[in-house]
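Using our numbering, the first residue of the sequence shown is number 1117, and each one after it goes up by one.
Ideal placement from N, C-alpha and C gives every residue a C-beta, glycine not left out.
Quantities reported herein were computed from a predicted structural model and do not represent experimental measurements.
Accompanying notes for the structure given below.
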Amino acid sequence: MVKKKKLTPLQNLIITSFPSNTDFNHFILPPKSFFYTDILMSFAKVEANLLYIQEDELKPEFQKRLCFFSRTTDPLFIVIQLKVSPIGSEPMINDLKEIRKDKAIKKVDNWIKICFAKHQKLFVTVIDGLPKPSNPYLDFSGINKLTVYRSRINGDQIIPLIKGYFASEDLNLQFFT
């Protein structure tokens, strides 16, 4: 008998991440039905939030401030960027990147248990290095407007990635306060 490994909430979210908004595609609308058209239009205006967090920011005091995002029902994307290693530097520990990634996941996992246990539309991605438009980390299909929260230091590194998905009038760029 094979014993199944118990998954953490973060691993569960990554494996069973909320499907891109396909549910509303299954509506069959009678012609000239204003009520159903209004319902469909409300689905068409899906807004989401994206939190772009640097590895260094994963501290308890910062995490407490971010708990306020658990009150929203909009889809919430959390992108955590691991610290960029200087070019040419070789870590003395073989699996340093994996260790740092696991540590970041554990911090976020704890944060999710505290703040986001009931959030249904949560996507978490941990990236190593700078975000690149050529490496799509997130699926924004079905989302028309995005509010991006980032830090003032190095927070603009996420902008090239999201500019490929949204027009500037559909982006609301904010700094963490």
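Contact between Y1265 and L1167 holds: their C-beta atoms lie close to 5 Å from each other, under 8 Å.
Close CB contacts of L1287 within its chain, under the 7 Å cut and outside five residues either way in sequence, are with L1262, V1264, I1278 (chain order). Contact check between the region 1210-1226 and the region 1267-1283: fewer than three CB pairs, one atom from each, fall below 8 Å, which does not count as touching. DSSP places A1164 within a strand segment (E or B) once states are collapsed to three. DSSP, read as helix, strand or coil, puts F1184 in helix. Residues of the same chain with a CB within less than 6 Å of the CB of C1231, apart from the 5 flanking positions on each side, are C1183, S1186 in chain order.
Per DSSP, the continuous beta strand (DSSP E) segment holding R1266 begins and ends at 1261-1266.
Counted as a single uninterrupted DSSP element, the stretch harbouring I1209 is not any beta strand (DSSP E), since DSSP gives it neither H nor E. Look at I1196 here: in three-state DSSP terms it is strand.
Secondary structure of I1275 (DSSP, three-state): helix.
Between P1247 and I1274, the C-beta spacing is below 7 Å. N1288 carries a strand assignment under DSSP once its states are collapsed to helix, strand and coil.
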